[in-house]
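What follows is a single structure, written as structure tokens, with notes after it.
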Amino acid sequence: MGKGYCGMYETTAGKRLQQLAERPYDLTAPDALTAAGRLERYVCRAGSLRMLYSMQRVTDEVLAALQDLADECRLVEQFKEMRKGVVINRIEGWPSENRQVLHTACRDIFCQNPAEPAATAQAKSELEKLKNFLNDVETGQVCNVDGEKFRTLIHVGIGGSDLGPRAVYEALRAFGRKDRDIHFISNVDPDDAAAVLEKVVLKTALVVIVSKSGTTMETLANEKLVCQALRRNGIEPRHHCIAVTGKGSPMDDPDQYLRAFYMYDYIGGRYSLTSMVGLVTLGFSLGYEKIVEFLHGAAEMDLLAEEPDIRRNLPLLLALLGIWNHNYLGYPTVAVLPYSQALHRFPAHLQQCDMESNGKSIDRNGRKIAGKSGPVLWGEPGTNGQHAFYQLLHQGTEIVPVEFIGFIRSQRGEDLEVAGTSSQQKLFANLLAQSVALATGKEDRNPNKHFPGNRPSIVLIGGSLTPEVMGTLLALYEAKIVFQGFAWDINSFDQEGVHLGKALATRFLECMTGGQSQPESLELKLLEAACKTG
Ligand code: G6Q
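Structural data, given as structure tokens:
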């Protein structure tokens, strides 16, 4: 690294935080949430979002120490270096990916002086290609062999090439064109593809095969399944299939596809949503203008993330509060609970983005890290979750810090007053109520009805979930994850931990090739054969 990177465990602020964590702020004390103007003071605004954090177990003293931690670890400077293209995806002294990390360049298209001009120029050129393509699809210049317009898009990809695009497509369905529909195939489970293929009209379907590497077993298998279905319907696949792939990958073959869109090696899969990985599919559904709004929201948050004052830098503050809860108060997981049905796949996307990035045990010099890295992240939308797992959140032995996300207005504006309030008001009231209930708890002589409280949460609030706000929210979480990785001094941009299982699966497949399936003892025979070929 050679740049004086330093993990939080070695900092003076880190030691101070350890002391402060011995007596964290008591949220169950009278007026704990409102004392000394706390409610108003503990609000952080960024663009169209604001975060209430009075319900965290922090004081001004803790915040000052977190600021020192951010400064000592040079978190903002490192973020700026990332945006400028410093090679940070590496482990010093060991073979590693050794790449720049430039997902932010995909949306750094709105200012005169982008942080890394070459990468932004590539992003702009792909965006221009996409604009023309969407226009050709709209006007019918790109159509099926019978001259009919495409109405359906099947997105085939997995992991980073699926989760983000799917989550944002779901989040923004309210803005999607009603005359077009989108389907996703990701799992190598043949039932996933079959379920999609049995319901779409292939004659008017575009198929977008998304794979940065162009070698992912699941995606290639699903591509073959879809192509087989196309051929069965008398359709030549290259008239319907589009590739989104890394420049120079095995899928970078113009003869095989109707069109190809590119991403570059400096964009990691789980950070690739604002590249062509997400934009081709989102563009087909939302139209070009709306994806530009989405990118604009993300660009705005990337710039805000360069603010040095943690109280004015939403992603940095969110990251540091997470570190306070995880590393100093010792809570092992974090729940992201959106009070928005549209965000129902967003926790799944964050689960990958966070846990694949920060689920590491060595630092950027290849040494075992001194404390904990990323927490387990999970979540589901409220209010559904309230009728499911909130029992544990309120009274369980495990304390789970919560990140609530909610909006003042619904997306579609279709609502009804029942008993004097709209459903949107009911939703929002529930969100606030949960946050307060977790924090303050409730005394009761009956131990079964006692709520211990002191369970921290933050509440993120936006006006309404528009494409622009979605971009802001996405970039907020991406930056939070990156800041936490910097603080833990880990490489948040590789994913070596996914390879062992893949390699073993290949060995199992070798044992299965041409073999007879013997349902009774198949798994035992395979385990034995695969372990022997060791
Ligand atoms: C993400 C990971 C991983 C990747 C998938 C799909 O950061 O690298 O989830 O996105 O394995 O990879 P391809 O896009 O190369 O098919």
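For the sequence shown, my numbering begins at 1103 and goes up steadily by one.
Just so you know, even glycine gets a beta-carbon here, dropped at the ideal spot from N, CA and C.
Computed from a predicted structure; not experimentally measured.
Where does residue i sit, in a helix, a strand or coil, going by DSSP?
{"i": "Y1111", "result": "helix"}
{"i": "S1374", "result": "coil"}
{"i": "D1283", "result": "strand"}
{"i": "T1254", "result": "strand"}
{"i": "L1232", "result": "helix"}
{"i": "W1196", "result": "coil"}
{"i": "T1608", "result": "helix"}
{"i": "A1362", "result": "strand"}
{"i": "M1353", "result": "coil"}
{"i": "L1204", "result": "coil"}
{"i": "G1104", "result": "Summary for G1104: the model assigns pLDDT 39, below 50, so the residue's position carries little reliability; its value from the coordinates is reported in the next sentence. Coil, per DSSP."}
{"i": "N1548", "result": "coil"}
{"i": "T1241", "result": "helix"}
{"i": "K1474", "result": "coil"}
{"i": "N1486", "result": "helix"}
{"i": "I1190", "result": "strand"}
{"i": "T1383", "result": "helix"}
{"i": "I1412", "result": "helix"}
{"i": "I1583", "result": "helix"}
{"i": "I1211", "result": "coil"}
{"i": "L1628", "result": "helix"}
{"i": "L1093", "result": "What the structure shows of the chain is the stretch from 1103 to 1636, and residue 1093 is not part of that stretch, so it cannot be assessed."}
{"i": "F1491", "result": "coil"}
Assuming residue i and residue j form a contact by the criterion Cβ under 8 Å, report the distance between their Cβ atoms to the nearest whole angstrom.
{"i": "R1273", "j": "F1448", "result": "Residue identity check: residue 1273 is Ala in the sequence provided, not Arg. Going by Cβ atoms, the distance from A1273 to F1448 rounds to 6 Å, so yes, they are a contact pair."}
{"i": "D1404", "j": "D1210", "result": "7 Å"}
{"i": "I1412", "j": "L1419", "result": "5 Å"}
{"i": "I1471", "j": "D1591", "result": "7 Å"}
{"i": "V1639", "j": "I1344", "result": "This structure gives no information on residue 1639, because the portion of the chain shown stretches from 1103 to 1636."}
{"i": "F1386", "j": "I1284", "result": "7 Å"}
{"i": "T1574", "j": "L1151", "result": "6 Å"}
{"i": "L1562", "j": "E1505", "result": "7 Å"}
{"i": "S1263", "j": "G1371", "result": "6 Å"}
{"i": "A1541", "j": "L1135", "result": "6 Å"}
{"i": "Q1158", "j": "P1558", "result": "5 Å"}
{"i": "Q1180", "j": "F1530", "result": "Not confirmed; about 36 Å, so no contact."}
{"i": "V1298", "j": "V1379", "result": "Incorrect: roughly 19 Å between the Cβ atoms, too far for contact."}
{"i": "K1462", "j": "H1428", "result": "Not confirmed; about 14 Å, so no contact."}
Classify residue i as buried or exposed, calling it buried when 16 or more other Cβ atoms lie within 10 Å of its own Cβ.
{"i": "I1507", "result": "buried"}
{"i": "C1213", "result": "exposed"}
{"i": "Q1454", "result": "buried"}
{"i": "M1319", "result": "exposed"}
{"i": "N1467", "result": "exposed"}
{"i": "Q1120", "result": "exposed"}
{"i": "E1112", "result": "exposed"}
{"i": "A1605", "result": "exposed"}
{"i": "G1104", "result": "Model confidence at G1104 stands at a pLDDT of 39, short of 50, so the residue's coordinates are unreliable; what they give is reported in the following sentence. It is exposed - the Cβ of G1104 has fewer than 16 other Cβ atoms within 10 Å."}
{"i": "P1434", "result": "exposed"}
{"i": "I1510", "result": "exposed"}
{"i": "E1325", "result": "buried"}
Which residue or residues does DSSP assign as beta-bridge partners of residue i?
{"i": "G1508", "result": "Y1441 and I1563"}
{"i": "R1268", "result": "Partner(s): none; R1268 has no beta bridge."}
{"i": "T1161", "result": "DSSP lists no partner for T1161."}
{"i": "I1393", "result": "According to DSSP, I1393 bridges with nothing at all."}
{"i": "G1348", "result": "M1365"}
{"i": "I1637", "result": "Look at the range of the chain in this structure, 1103 to 1636, and you will see that residue 1637 is not part of it."}
{"i": "V1145", "result": "L1154"}
{"i": "T1222", "result": "Paired residues: none, contrary to the question."}
{"i": "W1480", "result": "A1437"}
Any heavy atom of the ligand G6Q closer than 8 Å to the Cβ of residue i?
{"i": "E1338", "result": "no"}
{"i": "T1317", "result": "yes"}
{"i": "K1326", "result": "no"}
{"i": "Q1202", "result": "no"}
{"i": "S1594", "result": "no"}
{"i": "E1630", "result": "no"}
{"i": "T1615", "result": "no"}
{"i": "D1231", "result": "As written in the sequence, residue 1231 is Lys, which differs from the Asp given in the question. Flag unset: Cβ of K1231 not near the ligand G6Q."}
{"i": "Y1373", "result": "yes"}
{"i": "S1377", "result": "no"}
{"i": "E1458", "result": "yes"}
{"i": "G1149", "result": "no"}
{"i": "V1520", "result": "no"}
{"i": "K1314", "result": "yes"}
{"i": "V1600", "result": "yes"}
{"i": "T1608", "result": "no"}
{"i": "G1389", "result": "no"}
{"i": "I1260", "result": "yes"}
Taking 9 Å as the CB-CB limit, is residue i close to chain D?
{"i": "L1533", "result": "The displayed structure is made up of one protein chain only, and chain D is not part of it."}
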